[in-house]
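Everything below concerns the one structure shown next.
Protein chains in written order, with our numbering: chain A, 1 to 118; chain B, 1001 to 1111.
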């Protein structure tokens, strides 16, 4: 059974970089899947941030593309998210998830709350 | 503003049938991309409920069903039960974004 778990700081200062890691267990990060990040603002709906597949191909939500980087570390079976120049609008629960080519997000992490505040 | 449009809330008495609509456009649902549905309980991650428009993962009761028509899709819950109270989200692929899009979510209340 594939399991995903997010980790990273729960508090980030404005203008700094938000960095999160998703550790994958029960499956290889190098498999033919898409590894995604999704966020949920407090009390709001879900927003797709982006995904990486084949360890190096990335697609990002156009609204976030200029500030976001997703990368894979195959040695640790992890993938990561960096969001630069954060503001309060980036305060959200961040989820990592696994999907495929046009297939649903079948596996999700538990989610981690990141608050942007000084 | 979500790319896919859902009603903010629906409600029904126990045993009744409720439906949740999900309206997209020609760049997502209308383009033929599959629609998936998720259920989210408070404080937990979303969980896949329906995939590929109308398929249920193992363990999902047949009280839940999905359908699509044109640029829209629907989730139906029959025999509504108290434990069905949750937020429900639709999701598809959008070719303009080259990525996934979600509906704004619908809160189901069992009266």
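The C-beta atom is built at its ideal place from N, Cα and C for all residues, glycine as well.
No experiment lies behind these values; they were computed from the predicted model shown.
In the displayed model, residue 1042 of chain B falls within coil according to three-state DSSP, outside both helix and strand.
Note: residue 1009 of chain B is bridge-paired with B:1107 in the DSSP secondary-structure output. When DSSP reads this structure, residue 1065 of chain B sits in a beta bridge with B:1076.
Inter-segment contact for the segment 1079 to 1093 of chain B and the segment 18 to 33 of chain A is absent: fewer than three beta-carbon pairs are separated by less than 8 Å.
For the pair residue 11 of chain A and residue 1049 of chain B, the Cα-to-Cα distance works out to about 32 Å. Within the segment 66 to 113 of chain A, the complete beta strand (DSSP E) runs of at least 3 residues fall at 68 to 73, 78 to 83, 92 to 100, 103 to 108. If you check the CB distance, residue 1101 of chain B and residue 1003 of chain B come in under 8 Å. Neighbours of residue 1062 of chain B in chain A, taken as residues whose beta carbon is under 9 Å from its own, are absent, since the nearest beta carbon is some 18 Å off. Chain-order list of chain B residues neighbouring residue 37 of chain A: empty, with the shortest C-beta distance near 11 Å, by a criterion of under 9 Å.
Straight-line spacing of the CA atoms in residue 67 of chain A and residue 1061 of chain B works out to 41 Å.
For residue 106 of chain A, the nearest CB of chain B lies under 8 Å from its own CB, placing it at the interface with that chain. Under the DSSP assignment, residue 23 of chain A falls in the beta strand (DSSP E) whose first and last residues are 18 to 25. Along the segment 55 to 75 of chain A, going in chain order, the ones with a CB nearer than 7 Å to a CB of chain B are 59, 61, 62.
The CB of residue 113 of chain A never comes closer than 7 Å to any CB in chain B; the least such distance is about 10 Å. It is roughly 33 Å from the alpha-carbon of residue 1032 of chain B to the alpha-carbon of residue 21 of chain A. When Cβ-Cβ separations below 8 Å define contact, residue 102 of chain A makes contact with chain B.
In the three-state DSSP reduction, residue 1031 of chain B falls in the helix class (H, G or I). Its Cα nearest to that of residue 38 of chain A, the residue B:1046 stands out among B:1034, B:1046, B:1037.
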